[in-house]
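Presented below is the structure to which this report refers.
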Ligand SMILES: Cc1cc2nc3c(=O)[nH]c(=O)nc-3n(C[C@H](O)[C@H](O)[C@H](O)COP(=O)(O)O)c2cc1C
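Residue numbers (our numbering), protein chains in the order written: chain V, 1 to 220; chain D, 221 to 388.
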């Protein structure tokens, strides 16, 4: 199998969580000899070649971060320039986001199914998973722990050419968190995450508190 | 205050809105983004971690953002593409990230970001062209969660009167 892979994140490749996810996924996908070509939507200089690849291949995979419940504006701008296919290609998606609950990604997923049809492609399903915000803030083993599960999904995609299997459905994890889990997360957040965020902010050069209101209480 | 953000280059819709809102004595403001430079969000996260609340892209969006903060309602007038709002409309929403903080809390059982400002607007959409309306309605409900406010609904550009009936 040969697949066209597009990283639909507006974030430059160097900092993109989608890129780290794809790296793992593609390790799994290429184990049985499948091949791929990859394009970065964050780099407008690649759009022309990405358009040509979309036009001439029958297996296309767009991996993207959820941006305000749907696809990023920059990816939308790119997709608006495509000429729809004639039903002769399969378009699948890897949808990832920051929030951990599966339910948070369903609105975006529903659009992707519609989008495949609008782009004249058969829908090859969407691999849905959240809780990926931290990839960028981690390194080495910790990052590997977050991205490693995608390798197996790459194998599945290479074998089946889609994400409709039970394995892929389960990959999402819990749709929502039960009450006690929420309580636990809230406590952990107050005790650990805030400190971690503050540390990250200092490393990034922040000089004001993270909840500062630069435009005043009511703005303007 | 009702904030109308027109991302189309058609000022006909905002002309009608102006006329109707003046009649009802509604306090409103219209922003035309057609002549403005508004880039897409590129996910740098500076507005959360480096310069809290301030976007690193120094373009015309800052004036839009300042108006969103403190508005009672925000309506985005948008063209459509691929069944949804086009990229110009979507960019207005992607760029709202500075109105939230990186902090998290649970709202109605879901994890959400803590808003940065106490007064944020309800959200409505007026669209021009063909789109999957049921989907847009579902999406607007979700988008409003970022403001921790409610969705005002989705209207076609030939349903201005119905939209105005929701503006106050
Ligand atoms: C403008 C913007 C909007 C976002 N909206 C959502 C969202 O609605 N739901 C969600 O789960 N994550 C959201 N995220 C988080 C990203 O999807 C997440 O951090 C992702 O891992 C980024 O991948 P990337 O580094 O490849 O761009 C948003 C991020 C940005 C910058």
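All C-beta atoms in this analysis are idealised placements derived from N, C-alpha and C, irrespective of residue type, glycine included.
Alpha carbon to alpha carbon, how far is residue 291 of chain D from residue 157 of chain V? Give it in angstroms, no decimals.
47 Å
Counting only beta-carbon separations shorter than 8 Å, does residue 210 of chain V have a partner in chain D?
yes
Between residue 363 of chain D and chain V, is any beta-carbon pair separated by less than 8 Å?
yes
Taking CB distances under 8 Å as the criterion, tell me whether residue 286 of chain D reaches chain V.
yes
Which one or two residues does DSSP pair with residue 65 of chain V in a beta bridge?
V/96
Taking a Cβ distance cut-off of 8 Å, strictly less, list which residues of the segment 105–120 of chain V are near chain D, in chain order.
107, 110, 111, 114, 115, 118 and 119
Start and end residues, alpha helix (DSSP H) containing residue 227 of chain D:
Careful: residue 227 of chain D lies outside any alpha helix (DSSP H) and carries neither H nor E.
Tell me, to the nearest whole angstrom, how far the beta carbon of residue 309 of chain D is from that of residue 320 of chain D; I am working on the premise that it is less than 8 Å.
Wrong, their Cβ atoms sit about 19 Å apart, outside the cutoff.
Under the three-state reduction of DSSP, which class applies to residue 213 of chain V: helix, strand or coil?
coil
Classify residue 96 of chain V: buried if its beta carbon has 16 or more other beta carbons within 10 angstroms, exposed otherwise.
buried
Does the beta carbon of residue 260 of chain D come closer than 8 Å to any beta carbon on chain V?
yes
Cβ shell of residue 94 of chain V (< 6 Å), same chain only, five flanking positions each side left out:
63 and 127
Would residue 221 of chain D pass as a contact of residue 247 of chain D if the rule is Cβ separation under 8 Å?
yes
Residues in the segment 298–328 of chain D having any Cβ partner in chain V nearer than 9 Å:
301, 302, 303, 304, 305, 306, 307, 308, 309, 310, 311, 312, 313, 314, 315, 316, 317, 318, 321, 322, 323, 324, 325 and 326
Selected residue, minimal CA-CA separation from residue 21 of chain V, among V/2, V/134, V/117 and V/3:
V/134
Exposed or buried, what is residue 220 of chain V when buried is set at 16 or more other beta-carbons lying within 10 Å of its beta-carbon?
Any reading at residue 220 of chain V needs caution, since the residue's pLDDT is 38, under 50, leaving its predicted position unreliable; the model's value is listed next. Residue 220 of chain V is exposed by the Cβ-count criterion.
Short of 8 Å Cβ to Cβ, which residues in the segment 46–74 of chain V face chain C?
In the structure shown, chain C cannot be found, because the protein chains are V and D.
Does any residue of chain V have a CB that is nearer than 8 Å to the CB of residue 272 of chain D?
yes
Start-end ranges of the beta strand (DSSP E) lying completely within the segment 304–377 of chain D, minimum 3 residues:
320–327, 330–335, 342–348 and 371–376
Beta-carbon spacing of residue 176 of chain V, residue 101 of chain V below 8 Å
yes
Taking residue 153 of chain V as the query, report the chain D residues whose CB atoms sit under 9 Å from its CB, ordered along the chain.
Correct list: empty, because the minimum Cβ distance to chain D is about 23 Å.
Cα-Cα separation, residue 124 of chain V to residue 92 of chain V:
4 Å
With a threshold of 6 Å on Cβ separation, who are the neighbours of residue 61 of chain V within its own chain once the five nearest residues in sequence on each side are excluded?
3, 5 and 92
For the candidate residues D/234, D/356 and D/348, whose alpha-carbon lies nearest to that of residue 373 of chain D?
D/356
Residue 65 of chain V beta carbon near ligand 1 (any heavy atom closer than 7 Å):
yes
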